[in-house]
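Report on the following structure.
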Amino acid sequence: MNPVSPEVSRAASAGAPERRALVAKLKAAGFLKDPRVAAAIEEIPRHLFVPYALSGEAYGDHALPIGFGQTITQTANVARSVELAGVREGSRVLEIGTGSGYEAAVLSRVAHRVYTLERVPELAAEAVKVLTLLGIRNVSVKVFDGSYGWSEHAPYDAIVVAAAAPEVPEPLLAQLGPTGRLVVPVGDRDKQRLLVVKKLPSGRTRTEDAGDVAYVPLVGKFGWTKNATR
Ligand code: SAH
Numbered sequence: 003m004n005p006v007s008p009e010v011s012r013a014a015s016a017g018a019p020e021r022r023a024l025v026a027k028l029k030a031a032g033f034l035k036d037p038r039v040a041a042a043i044e045e046i047p048r049h050l051f052v053p054y055a056l057s058g059e060a061y062g063d064h065a066l067p068i069g070f071g072q073t074i075t076q077t078a079n080v081a082r083s084v085e086l087a088g089v090r091e092g093s094r095v096l097e098i099g100t101g102s103g104y105e106a107a108v109l110s111r112v113a114h115r116v117y118t119l120e121r122v123p124e125l126a127a128e129a130v131k132v133l134t135l136l137g138i139r140n141v142s143v144k145v146f147d148g149s150y151g152w153s154e155h156a157p158y159d160a161i162v163v164a165a166a167a168p169e170v171p172e173p174l175l176a177q178l179g180p181t182g183r184l185v186v187p188v189g190d191r192d193k194q195r196l197l198v199v200k201k202l203p204s205g206r207t208r209t210e211d212a213g214d215v216a217y218v219p220l221v222g223k224f225g226w227t228k229n230a231t232r
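Per my numbering, residue 3 is the first one in the sequence shown, and the count goes up by one each step.
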């Protein structure tokens with residue numbers, strides 16, 4: 003991360019004690035076993051990714067509204083998905099559901115390259131603004147139905163879906179590289195199981211269930227067809 007001005011640098015370093023406390027709380031709850039993910043959460047100024055009026059609440063471990071009926075992912079869920087996806091220093095990662103850009107910013111610190119898709123143009127534009135402000139250069143954002151994936155840059159070492167689908171979207175499986183992992187909440191609209199689909203060297207897949215979660219719906223061809231909020 004390479005902030006572009008002293009003002010941005012000041013804004014980005016604000017909240018450091020709150021971030022340390024949040025990381026300590028998440029560790030005590032059994033999250034953040036990977037020190038690189040812990041360092042990323044301690045570093046990324048989450049308060050810059052939420053509406054200004056909510057910035058005081060940015061370091062509680064909960065989702066917050068970001069407009070258009072969407073929410074910034076709860077920090078514990080960001081930590082959990084990034085770790086379950088097995089993201090490493092050299093990884094090329096696809097994220098579905100850029101939203102505020104917060105999870106993409108965390109991924110940018112632990113992966114080599116991040117591609118992220120968002121269906122709401124206004125959210126994508128705002129995310130690009132904050133990522134640029136923070137000098138994050140290894141994230142590409144595109145407005146597109148992410149349930150199709152982003153075939154141009156496939157295969158990916160990891161795919162993290164930040165919205166819930168009725169079933170595992172087929173195109174995402176196809177875009178996973180050998181030994182790649184797909185982390186996706188699957189279930190009904192308001193309650194899901196977080197699934198980890200691992201591609202085996204044989205080309206087959208093995209799915210593990212990482213527990214209960216509640217994400218906003220993935221709206222698209224291989225997700226839900228209608229969105230109640232938009
Ligand atoms: N990772 C984001 C989470 C935002 S919530 C963050 O940290 O802020 C999930 C996002 O997925 C929403 O912004 C929603 O608009 C988006 N989304 C839903 N369906 C989508 C689809 N088919 N393609 C791309 N984005 C989608």
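The beta-carbon is built from N, C-alpha and C at its ideal position, and this holds for glycine as well. Small disclaimer: the values here were computed from a predicted structure and weren't measured.
Does at least one heavy atom of the ligand SAH sit under 8 Å from the Cβ of glutamine 72?
-> yes
Using CA coordinates, which residue listed in Arg94, Asp63, Gly101, Val52 is at the minimum distance from glycine 179?
-> Arg94
Is DSSP giving isoleucine 138 helix, strand or coil here?
-> coil
Going along the chain, which residues of its own chain have a beta-carbon closer than 8 Å to the beta-carbon of leucine 34, five neighbours each way excluded?
-> Val25, Leu28, Ala40, Ile43, Ala81, Glu85
Does the beta carbon of leucine 24 fall short of 8 Å from some heavy atom of the ligand SAH?
-> no
Considering only the beta carbon of each residue, do valine 132 and glycine 103 sit closer than 9 Å?
-> In contact: valine 132 and glycine 103 (Cβ atoms closer than 9 Å).
What separation, rounded to the nearest whole angstrom, lies between the Cα atoms of leucine 202 and arginine 208?
-> 7 Å
Can you tell me which of Phe51, Gly205, Tyr117, Arg48 puts its alpha carbon nearest to the alpha carbon of alanine 156?
-> Tyr117
Can you give the beta carbon distance from tyrosine 61 to arginine 21, rounded, assuming they're within the 8 Å contact cut?
-> 6 Å
Locate the alpha helix (DSSP H) running through alanine 107, then write down its first and last residues.
-> Where alanine 107 is concerned, the enclosing alpha helix (DSSP H) stretches over 104-112.
Return helix, strand or coil for proline 187, following the three-state DSSP convention.
-> Strand at proline 187.
Note down the Cα distance separating glycine 205 from serine 149, rounded to an integer number of angstroms.
-> 21 Å
Beta-carbon proximity check, leucine 125 vs glycine 101, cutoff 9 Å = yes
Valine 162: which of Ala212, Leu184, Ser153 sits nearest, CA to CA?
-> Leu184
Within the same chain, show all residues whose beta-carbon is closer than 6 Å to that of lysine 144, passing over the 5 residues directly before and after it, in chain order.
-> Hits under 6 Å: Leu119.
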